[in-house]
Amino acid sequence: MRGFRCWIGVGIAATGLSVGSLAAGEMNGMSSDPRLGEAASIEAVARAFLPEAQWQHQDAEALQAEVRQRLDDGDGSSIFHPDADTGPLRKALLAVMVKESRLPHTRYRLRYARASVAPQGQAPIPVELVEVARFNLGPARREGLIAQHGESRVAPAEAFGDGKHIVWRLVTRPVMGQVADITHAARREIPLEGAFCLNAPCSTEDSLNEQARDWPAPSPLEPASSSLPLEVALLEMGLERLGVVQRDDSGPGRWHPPEWPESVPPGASFMEVLVERGLGQDDGVDLVIYLDQLMDDDIKALWQRLMAVDTGAGEPPRVWETQDREPWPRPE
Numbered sequence: 057m058r059g060f061r062c063w064i065g066v067g068i069a070a071t072g073l074s075v076g077s078l079a080a081g082e083m084n085g086m087s088s089d090p091r092l093g094e095a096a097s098i099e100a101v102a103r104a105f106l107p108e109a110q111w112q113h114q115d116a117e118a119l120q121a122e123v124r125q126r127l128d129d130g131d132g133s134s135i136f137h138p139d140a141d142t143g144p145l146r147k148a149l150l151a152v153m154v155k156e157s158r159l160p161h162t163r164y165r166l167r168y169a170r171a172s173v174a175p176q177g178q179a180p181i182p183v184e185l186v187e188v189a190r191f192n193l194g195p196a197r198r199e200g201l202i203a204q205h206g207e208s209r210v211a212p213a214e215a216f217g218d219g220k221h222i223v224w225r226l227v228t229r230p231v232m233g234q235v236a237d238i239t240h241a242a243r244r245e246i247p248l249e250g251a252f253c254l255n256a257p258c259s260t261e262d263s264l265n266e267q268a269r270d271w272p273a274p275s276p277l278e279p280a281s282s283s284l285p286l287e288v289a290l291l292e293m294g295l296e297r298l299g300v301v302q303r304d305d306s307g308p309g310r311w312h313p314p315e316w317p318e319s320v321p322p323g324a325s326f327m328e329v330l331v332e333r334g335l336g337q338d339d340g341v342d343l344v345i346y347l348d349q350l351m352d353d354d355i356k357a358l359w360q361r362l363m364a365v366d367t368g369a370g371e372p373p374r375v376w377e378t379q380d381r382e383p384w385p386r387p388e
């Protein structure tokens with residue numbers, strides 16, 4: 057992996073990350089809520105996951121319309137909405153990137169959980185819960201450069217991006233012709249201090265993805281053509297590599313939800329995604345997906361990493377991938 061450190065972070069100190077046991081607390085994880093296990097309606101799920109006292113509720117229908125507009129290729133050949141096959145993670149990240157200002161030095165943290173609605177006398181309805189936090193690391197990077205080189209040699213603050221640390225939450229459900237219909241959405245600003253990403257401080261200005269594992273050597277990957285932001289395109293590629301997005305030769309990728317682990321209660325996250333942009337010498341994007349608590353005798357978690365560098369207008373990005381498996385701990 058040394059060949060990539062020139063753009064995803066130089067001289068990163070080891071931190072001994074151990075992601076299998078994420079820190080507790082709302083800032084550090086999506087924890088279970090007993091109300092989610094008893095919900096009889098989507099509204100009850102939303103009240104537990106998006107309490108109005110803490111969240112600014114958004115117009116979910118308008119948000120979904122904006123996502124569809126961004127996904128629309130304009131050919132009008134399908135009778136379905138442009139986001140018909142788009143899963144909740146891709147939809148949530150795209151929604152945040154549509155609604156929030158673009159920043160040059162960012163870390164996105166996505167977390168995924170499941171719940172279920174059991175209306176009286178009806179079959180349970182699966183519900184998917186997604187949280188997307190965006191951390192603006194521009195000011196921290198500028199301060200680090202000033203400490204190294206002096207303020208006179210560093211660009212002004214506006215060049216590093218001006219934006220709050222924010223988090224969005226979405227509630228989605230499958231409906232006819234739609235794998236992830238957004239029913240509720242909410243937003244709020246958050247402090248950077250105390251937030252954890254893959255069990256390390258989200259405020260870390262160097263790449264956390266690089267140090268998350270002792271990664272096997274990466275290999276080049278041919279990227280699919282996409283007009284979407286590179287962060288969203290890489291997320292789709294990574295999910296496809298893990299099998300939760302599947303496609304045939306002629307159609308778009310379709311979301312296939314990961315198996316809900318028996319050990320994970322409703323509302324508790326068992327998949328985390330970290331997307332980093334502009335944390336090295338180049339404007340690269342580095343993505344890691346961590347799928348935990350697998351229902352497998354040997355493998356506890358899967359790790360997927362994709363790294364990409366834009367090569368210019370009209371040219372596909374250069375992409376590399378590596379992956380790893382984390383075994384269940386064995387007794388001594």
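Everything in the sequence shown is counted per the working numbering, starting at 57 for the first residue and increasing by one.
Every residue, glycine too, gets a C-beta built ideally from N, C-alpha and C.
Can you tell me where the alpha helix (DSSP H) holding residue i begins and where it ends?
{"i": "R103", "result": "I98 to F105"}
{"i": "K220", "result": "Looking at the DSSP string, K220 is not in any alpha helix (DSSP H), and its letter there is neither H nor E."}
{"i": "N255", "result": "Note, N255: premise wrong, no alpha helix (DSSP H); not H, not E."}
{"i": "A268", "result": "N265 to A268"}
In terms of DSSP beta bridges, what is residue i paired with?
{"i": "Q112", "result": "R243"}
{"i": "L150", "result": "Paired residues: none, contrary to the question."}
{"i": "W311", "result": "V301"}
{"i": "W359", "result": "Y346 and D380"}
{"i": "S275", "result": "E377"}
{"i": "I238", "result": "T228"}
{"i": "F396", "result": "Residue coverage of the chain in this structure runs from 57 to 388, which leaves residue 396 outside it and unanswerable."}
{"i": "G336", "result": "In the DSSP output, where bridge partners are listed per residue, G336 has none listed."}
Using 10 angstroms around the beta-carbon of residue i, count the other beta-carbons present and answer buried if the total reaches 16, otherwise exposed.
{"i": "Q114", "result": "buried"}
{"i": "F325", "result": "Contrary to the premise, residue 325 reads as Ser rather than Phe in this sequence. Under this definition S325 is a buried residue."}
{"i": "H161", "result": "buried"}
{"i": "G370", "result": "exposed"}
{"i": "I135", "result": "exposed"}
{"i": "A79", "result": "Residue confidence for A79 is low, a pLDDT of 33 falling below 50, so the modelled location carries little weight and cannot support an answer."}
{"i": "V329", "result": "buried"}
{"i": "W224", "result": "buried"}
{"i": "D270", "result": "exposed"}
{"i": "G336", "result": "buried"}
{"i": "I202", "result": "exposed"}
{"i": "M293", "result": "buried"}
{"i": "D304", "result": "exposed"}
{"i": "V231", "result": "exposed"}
{"i": "T378", "result": "buried"}
{"i": "E82", "result": "With a pLDDT of only 39 at E82, under the threshold of 50, the placement of this residue in the model should not be trusted, and no figure is reported."}
{"i": "D342", "result": "buried"}
{"i": "Q302", "result": "exposed"}
Span of the beta strand (DSSP E) holding residue i?
{"i": "M327", "result": "M327 to R333"}
{"i": "R374", "result": "R374 to P383"}
{"i": "Q204", "result": "Premise fails: Q204 lies in the alpha helix (DSSP H), G194 to H205, not in any beta strand (DSSP E)."}
With DSSP as the reference, label residue i as helix, strand or coil.
{"i": "A324", "result": "coil"}
{"i": "E184", "result": "strand"}
{"i": "Q349", "result": "coil"}
{"i": "P175", "result": "coil"}
{"i": "G143", "result": "coil"}
{"i": "L119", "result": "helix"}
{"i": "L159", "result": "coil"}
{"i": "G93", "result": "helix"}
{"i": "R124", "result": "helix"}
{"i": "L291", "result": "helix"}
{"i": "A215", "result": "helix"}
Report yes or no: is there a C-beta of chain C within less than 8 Å of the C-beta of residue i?
{"i": "A118", "result": "The structure shown contains no chain C; it holds only a single protein chain."}
Inset, instruction - Determine, using beta-carbon pairs with one atom in the stretch 120-135 and one in the stretch 254-263, whether at least three such pairs fall under 8 Å. - result: They do not touch, by the three-pair rule.
Legend entry - the stretch 174-183 touching the stretch 353-367, judged by at least three CB pairs closer than 8 Å: Judged by pairs of C-beta atoms under 8 Å, the stretch 174-183 does not touch the stretch 353-367, as fewer than three such pairs exist.
Legend entry - Cβ contact (3+ pairs, closer than 8 Å) linking the stretch 317-324 and the stretch 269-286: The stretch 269-286 and the stretch 317-324 do not touch, with fewer than three beta-carbon pairs separated by less than 8 Å.
Inset, instruction - Determine contact between the stretch 355-368 and the stretch 184-198, defined as no fewer than three beta-carbon pairs at a distance below 8 Å. - result: Contact check between the stretch 355-368 and the stretch 184-198: fewer than three CB pairs, one atom from each, fall below 8 Å, which does not count as touching.
Inset, instruction - Would you check if the stretch 106-113 and the stretch 144-155 touch, i.e. whether three or more CB-CB distances between them fall below 8 Å? - result: Judged by pairs of C-beta atoms under 8 Å, the stretch 144-155 does not touch the stretch 106-113, as fewer than three such pairs exist.
Inset, instruction - Could you tell me whether the stretch 212-220 touches the stretch 159-174, where touching means 3 or more Cβ pairs closer than 8 Å? - result: The way I'd put it, the stretch 212-220 does touch the stretch 159-174; three or more beta-carbon pairs between them come closer than 8 Å.
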